[in-house]
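All residue numbers for the sequence shown refer to the UniProt record's numbering, where the first residue is 1 and numbers rise by one. Here's the structure, in structure tokens; my notes come after.
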Amino acid sequence: MKSLRDGYELHNGVKIPCVGFGTYQIPNGESAVSAVKNALGSGYRHIDTAAGYGNEESVGIAVKQSGISRDEIFITSKLQNPEHGYENTMRAFEQTMKNLDMDYLDLYLIHWPNPIKFRNEWQSANAGTWKAFEELYKTGRIRAIGISNFHPRHIDELMKTATIEPMVNQIRLCPGDTQDEVVSYCKERNIVLEAYSPLGTGQLFEVPDMQAIAQKYGKTIAQIGIRWSLQKGYLPLPKAVSESHIRENADIFDFELSEQDVQVISDLKGCCGYSQNPDLATF
């Protein structure tokens, strides 16, 4: 990977840029529009949003105002937790497309595998959702389909009725929270791993080992964390609001971590907390 426009190839042949711009917790309105426009101006060509973030409209506005052709930008959104099931999914997808004001989506994900609303029927709810995903994919309205926060047991259950395997699994991946079982399972099945919260929601900046490695390379801790994610074969989704941090997070292609330093970072445990069990999530 030599630039933000290089990428991975999903198992259906679709190319996905190797770093995405995350928009979680960026409020809808001028803040989100400005952040996404700054990201696009800094070279990002992959924007990650979700119905649950409440900022799909701003992403759509920013893409239009950027002046960059839609087909040069990879847009991801996610199905909101209360909308699982075939009919709900179809309706929710149309709302997402209306919010974004776009004709197609590059990637659509099931945001969580076991929402509290479907706690006693999550398997059938996911099966219905995936049926809708497959239909939308086959008609060309979505270029790739995937999942988020799924563990192997959830994927195994999904594949009992699915005819198309997920192309992406977006999970929390950062130093100290490496979800080794999920990562191994997905790599064996050629499912691209997207890493949300690659900087551990800011906790990474307080880790002494990260501070030492950043000083060694003359880079920021954020740049080290994102570079580590890339060298592990993940697709990081760093979030930033200020233009300076957005540009900083993109400046990761002029150095390479040694294998030893990659391992030091990989061996960190719990320094940024751990991802929650999706079967116990209360939303």
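We put the CB at the ideal spot given by N, CA and C, even for glycine.
Given residue i as reference, the closest of the options once Cα atoms are compared
| i | options | result |
| --- | --- | --- |
| E256 | Q223, H11, Y274 and A50 | Q223 |
| K37 | K138, S266 and S242 | S242 |
| A212 | I265, L199 and E87 | I265 |
| residue 288 | K232, D251, S58 and F118 | Nothing about residue 288 can be read from this structure; the chain reaches only from 1 to 283. |
| Q203 | I221, K187 and I191 | I221 |
| K138 | E9, N277, Y104 and M210 | Y104 |
| L18 | I147, D254, A214 and L193 | Checking the displayed sequence, the identity of residue 18 turns out to be Cys instead of Leu. Comparing Cα-Cα distances from C18 to each of I147, D254, A214 and L193, the minimum goes to L193. |
| M167 | T178, G273, E188 and K160 | E188 |
| L10 | D106, A50, S69 and G128 | D106 |
| Y53 | V33, T23, T89 and V63 | T23 |
| T161 | A127, Q25 and E259 | A127 |
| I47 | K232, H84 and R5 | R5 |
| H84 | K98, I75 and R119 | R119 |
| Q260 | G146, D209 and P238 | D209 |
Whole-angstrom distance between residue j and residue i, CA atom to CA atom
| i | j | result |
| --- | --- | --- |
| G176 | S229 | 12 Å |
| G7 | A195 | 14 Å |
| H111 | K78 | 5 Å |
| W122 | L136 | 21 Å |
| A39 | Y234 | 20 Å |
| G67 | I16 | 20 Å |
| D71 | M102 | 11 Å |
| D180 | V63 | 35 Å |
| N81 | G20 | 22 Å |
| R227 | C271 | 18 Å |
| S148 | L109 | 6 Å |
| I116 | C186 | 25 Å |
| A51 | K269 | 32 Å |
Opening and closing residue of the alpha helix (DSSP H) in which residue i lies
| i | result |
| --- | --- |
| Q170 | Looking at the DSSP string, Q170 is not in any alpha helix (DSSP H); the run it does join, the beta strand (DSSP E), is V168 to R172. |
| C186 | D180 to E188 |
| K160 | From DSSP, K160 is part of no alpha helix (DSSP H); its letter is neither H nor E. |
| V207 | Where V207 is concerned, there is no enclosing alpha helix (DSSP H), given that its DSSP letter is neither H nor E. |
| K117 | That residue, K117, is in no alpha helix (DSSP H); it is neither H nor E in DSSP. |
| residue 310 | No statement about residue 310 is possible, as the shown extent of the chain runs from 1 to 283 and does not include it. |
Start-to-end residues for the beta strand (DSSP E) that takes in residue i
| i | result |
| --- | --- |
| residue 358 | Look at the range of the chain in this structure, 1 to 283, and you will see that residue 358 is not part of it. |
| L109 | L107 to I110 |
| G146 | I145 to S148 |
| Y8 | G7 to E9 |
Identify every run of the alpha helix (DSSP H) within the segment 11 to 89, keeping only runs that are complete inside it and at least 4 residues long; order them along the chain. 30 to 41 and 56 to 66
Touch check for the segment 154 to 162 and the segment 237 to 251: three-plus C-beta pairs under 8 Å? no
Runs of 4 residues minimum, wholly inside the segment 214 to 240: which ones carry the alpha helix (DSSP H) assignment? 221 to 231
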